[in-house]
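For the sequence shown, position 174 matches number 174 in UniProt numbering, and the numbering has no gaps at all.
Below: the structure, in structure tokens.
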Amino acid sequence: MEKIISLENKHAKLWKKLKNKKDRLKYKLYLLEGWHLVEEAINDYNVKINCIFGTDIGLKNHQEELPNDVQIIEINQKIADSVSDVITNQGIFAEVTLNYDNELPDNLEGPWLLLDNIQDPGNIGTMVRTADAAGFEGVIFGNGTVDQYNPKVVRSMQGSQFHLKIIKNDLHDSIKVLHKYGYEVYGSKLDPKATNYQSISKKSQFGLIMGNEGNGMQNSLGEQTDANLYIPILGRAESLNVAVAAGILMFQLMKDSDKIN
1 MEKIISLENK HAKLWKKLKN KKDRLKYKLY LLEGWHLVEE AINDYNVKIN
51 CIFGTDIGLK NHQEELPNDV QIIEINQKIA DSVSDVITNQ GIFAEVTLNY
101 DNELPDNLEG PWLLLDNIQD PGNIGTMVRT ADAAGFEGVI FGNGTVDQYN
151 PKVVRSMQGS QFHLKIIKND LHDSIKVLHK YGYEVYGSKL DPKATNYQSI
201 SKKSQFGLIM GNEGNGMQNS LGEQTDANLY IPILGRAESL NVAVAAGILM
251 FQLMKDSDKI N
């Protein structure tokens, strides 16, 4: 097993660089941090793990679960702290090949969540996990939405990114494709003049757009939708958090199926 103890080692320097989007794009790599995410990647044959690295303790805690066909590298705590994106890390990571999927699949099926200029990684992670729980087929990261390989986004998705199709695409183009396949596409709008979400019948195939935390969905997208939905506010709050609103809409619109009991 290779051991690295210097912050000046080429691998240690590379891993630290991968916190930045420009370097992730340059090297076509990103990091997974923590055993839960590493394990999810191990179990997903579509994910190309280049190596798994960790501290002596981090590796020993999972030595029976580590794959035999992936390079394992031991690092010290100083390197673990330098590449980690959290204050207290678990001491185990994976270097993974970055792969943006920019087109919707030809065999389009199931409901899709579309993210329009979403800025908060926590909101993105919550919506992706909720889409996973609600039985959605995939999530489309539109222009302006925080990068799907941003360390905070990767961590907040908690592995649901391996259970769904994640697409990076202009949402105007995505709506056209969804319409081509006969999908109805719904926007979300903080406007009582919009359509009450409870009046929409449940479907097994549809698109749902969630807009920016402060400015909402782009008007140009709202002009392409079949309906723009509003969640009535019964109390005195001015609005709902976008991830909370997304959860309500996803479960309300999703037709009961084998995926939902």
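Ideal Cβ placement from N, Cα and C applies to all residues, glycine included.
Would the beta-carbon of Asn228 fall within 8 Å of that of Gly182?
Numbered from its first residue, the sequence shown carries residue 228 at position 228. Numbered from its first residue, the sequence shown carries residue 182 at position 182. Result no, Cβ atoms of Asn228 and Gly182 do not sit closer than 8 Å.
For Lys203, which of helix, strand or coil comes out of DSSP?
In the sequence shown, counting from the first residue as 1, residue 203 sits at position 203. Three-state DSSP puts Lys203 in a strand.
Which residue comes first and which comes last in the beta strand (DSSP E) that contains Leu98?
Your numbering for residue 98 matches position 98 in the sequence shown. Note, Leu98: premise wrong, no beta strand (DSSP E); not H, not E.
Does the separation of the CB atoms of Phe141 and Lys168 fall below 8 Å?
Taking the sequence shown and counting its residues from 1, the one referred to as residue 141 is at position 141. Taking the sequence shown and counting its residues from 1, the one referred to as residue 168 is at position 168. Yes, the pair counts as a contact, with Cβ atoms nearer than the cut-off.
Going by alpha carbons, who is nearest to Phe251 out of Ala131, Gln218, Glu40 and Gly214?
Within the sequence shown, the letter at position 251 stands for residue 251. Checking every option, the nearest Cα to that of Phe251 belongs to Ala131.
When the Cα of Pro151 is compared with those of Tyr30, Gly144 and His163, which residue comes out closest?
As a position in the sequence shown, residue 151 is number 151, starting the count at 1. It is Tyr30.
Using the Cα positions of Gly110 and Asn102, report the straight-line distance between them to the nearest angstrom.
Here the question's residue 110 lines up with position 110 in the sequence shown. Here the question's residue 102 lines up with position 102 in the sequence shown. Distance between the alpha carbons of Gly110 and Asn102 is about 18 Å.
Count the other CB atoms, across all protein chains shown, that sit within 10 Å of the CB of Asp147; report buried if there are 16 or more and exposed otherwise.
Counting from 1 along the sequence shown, the entry for residue 147 is found at position 147. Buried, by the Cβ-count rule.
Extract the residue ranges of the beta strand (DSSP E) inside the region 40-107, only unbroken runs of 3 or more that lie entirely within it.
Fully enclosed beta strand (DSSP E) runs of 3 or longer: 49-54, 71-75 and 92-97.
Check whether the Cβ atoms of Leu249 and Ser174 lie closer than 8 Å to each other.
Translated into the one-based positions of the sequence shown, residue 249 becomes position 249. Translated into the one-based positions of the sequence shown, residue 174 becomes position 174. Taking 8 Å as the Cβ cut-off, Leu249 and Ser174 do not qualify as a contacting pair.
Give me the residue from Asp44, Lys78 and Asn50 with the minimum Cα distance to Glu8.
Taking the first residue of the sequence shown as 1, we reach residue 8 at position 8. If we check each option's Cα against that of Glu8, Lys78 comes out closest.
For Gly138, which three-state DSSP category applies?
To locate residue 138, count along the sequence shown from 1; it is residue 138. The answer is strand: DSSP assigns Gly138 an E or B state.
With DSSP as the reference, please indicate the residues paired to Met210 in a beta bridge.
Here residue 210 refers to the residue found at position 210 of the sequence shown. Paired residues: Leu115.
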